[in-house]
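Beneath this line is the structure, given in structure tokens, with notes to follow.
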């Protein structure tokens, strides 16, 4: 027998709030849009009425008139691990301080999908959008420019893009950890990096590591250049095979996720770190200090990037005319922990 569904209770509206608070609907509307223009005692009455009725402001209804939703888009390559978690959290929390919400999308390193996601976010009347990196389809920028939607690029250093950016020098970050190993005396170094296709951050890190080796006069053989996805389990499996025979004395990982997998592989293979193997990562993600031994890495200020990106986007949104935008390359820092040591 088909269960009878009870009719859904209609949500209270602005008229109900006005009636309960004893004010006009115009005053209630003014309170939600410009609360500083409403007297303190009137504000208290409207807030009390809203709570009693369970009223929730319909921002989309307001967007029908204002053309915007109060939402800002963030498109990242992945949400599958810790790479962008700090950035996402900081970006979202900062937007809340600006009375805005975040709509997040993930393109899985597919730049054609990224264009489709931008279109989808624009259909939802986003006020601005933050994108990651410098590799993008030409069509993406065309769409945003035609709609006059503010955009900020994150995580890169802005050398190859006209988009305002807030990020870090990934090439320099990789060079720092590589030079650290060289300074410790390591020469037989393996490099575990992800596919650099559609990933300018990984490409720049790989180039930075190779430049550091070349400057030291060291040629890296092909068998020491190993493709490895951003995944702990995959990194562990690949590293176990690498360590079975003719193991290097050190491994540079494209980020901390890969490095965590390598440390687990060393443990499984009974290879002590750092006595027989030094391991470095890039990023200084959550858990990199707590893992044993603590991971030597380069700290990329993900949370600072997220906060500054939100502030900058809101600044661009609030100005009808373009405002001066100072692109920023934030400093990265080598963090030396227990996963590296000199050759004995």
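Numbering (the working numbering), first residue to last: 2 to 345. A virtual CB, placed ideally from N, CA and C, is assigned to each residue, including glycine. Please read these numbers as outputs of a predicted model, since none were measured by experiment.
Between the CA atoms of residue j and residue i - distance to the nearest angstrom
| i | j | result |
| --- | --- | --- |
| residue 265 | residue 237 | 6 Å |
| residue 14 | residue 90 | 32 Å |
| residue 32 | residue 43 | 9 Å |
| residue 1 | residue 110 | Residue 1 lies beyond the residue range present for the chain, which begins at 2 and ends at 345; the question has no answer from this structure. |
| residue 248 | residue 102 | 49 Å |
| residue 135 | residue 55 | 45 Å |
| residue 287 | residue 85 | 11 Å |
| residue 308 | residue 275 | 36 Å |
| residue 241 | residue 270 | 7 Å |
| residue 88 | residue 303 | 5 Å |
| residue 317 | residue 165 | 11 Å |
| residue 121 | residue 141 | 12 Å |
DSSP-derived helix/strand/coil call for residue i
| i | result |
| --- | --- |
| residue 286 | coil |
| residue 12 | coil |
| residue 319 | helix |
| residue 346 | No statement about residue 346 is possible, as the shown extent of the chain runs from 2 to 345 and does not include it. |
| residue 118 | helix |
| residue 246 | coil |
| residue 83 | coil |
| residue 295 | coil |
| residue 23 | coil |
| residue 66 | Since pLDDT at residue 66 reaches only 47, below the 50 mark, its modelled position is unreliable, and the value read off the structure follows with that caveat. Correct three-state label for residue 66: helix. |
| residue 306 | helix |
| residue 336 | strand |
| residue 155 | strand |
| residue 31 | helix |
Given residue i as reference, the closest of the options once Cα atoms are compared
| i | options | result |
| --- | --- | --- |
| residue 1 | 95, 196, 74 | Since the first residue shown for the chain is 2 and the last is 345, residue 1 is missing from the structure and cannot be characterised. |
| residue 194 | 210, 312, 79 | 210 |
| residue 23 | 45, 185, 182, 97 | 45 |
| residue 178 | 199, 200, 213 | 213 |
| residue 206 | 284, 289, 57 | 284 |
| residue 282 | 272, 83, 269, 297 | 297 |
| residue 200 | 112, 80, 332, 290 | 112 |
| residue 173 | 340, 301, 312 | 301 |
| residue 170 | 332, 341, 232, 339 | 332 |
Boundaries of the alpha helix (DSSP H) in which residue i is found, first to last residue
| i | result |
| --- | --- |
| residue 263 | 257-269 |
| residue 140 | 139-147 |
| residue 178 | 171-184 |
| residue 209 | 201-216 |
Near the ligand FMN: residue i beta-carbon under 7 Å from a heavy atom
| i | result |
| --- | --- |
| residue 205 | Judged by which ligands are present, the structure shown has none, so any question about the ligand FMN falls away. |
7 Å Cβ shell around residue i - same chain, five flanking residues per side excluded
| i | result |
| --- | --- |
| residue 27 | none |
| residue 310 | 92, 131, 153, 155, 167 |
| residue 187 | 250, 251, 279, 344 |
| residue 108 | 76, 78, 114, 115, 118 |
| residue 191 | 225, 227, 243, 249, 252 |
Segment limits, beta strand (DSSP E) that includes residue i
| i | result |
| --- | --- |
| residue 226 | 226-228 |
| residue 103 | 102-107 |
| residue 194 | 190-194 |
| residue 51 | Note, residue 51: premise wrong, no beta strand (DSSP E); alpha helix (DSSP H) at 41-54. |
| residue 77 | 72-77 |
| residue 129 | 129-133 |
| residue 330 | 329-331 |
| residue 274 | Here residue 274 belongs to no beta strand (DSSP E), and DSSP marks it neither H nor E. |
Beta-carbon contacts of residue i that lie in its chain and below 6 Å, excluding the five residues immediately before and after
| i | result |
| --- | --- |
| residue 1 | This structure cannot settle anything about residue 1, because the visible part of the chain is limited to 2 through 345. |
| residue 145 | 152 |
Residues near residue i in its chain [Cβ-Cβ closer than 8 Å; skip 5 each side]
| i | result |
| --- | --- |
| residue 148 | 123 |
| residue 292 | 261, 264 |
| residue 176 | 209, 210, 212, 213 |
Cβ of residue i within 8 Å of any chain C Cβ
| i | result |
| --- | --- |
| residue 111 | The structure shown has no chain C; it contains just one protein chain. |
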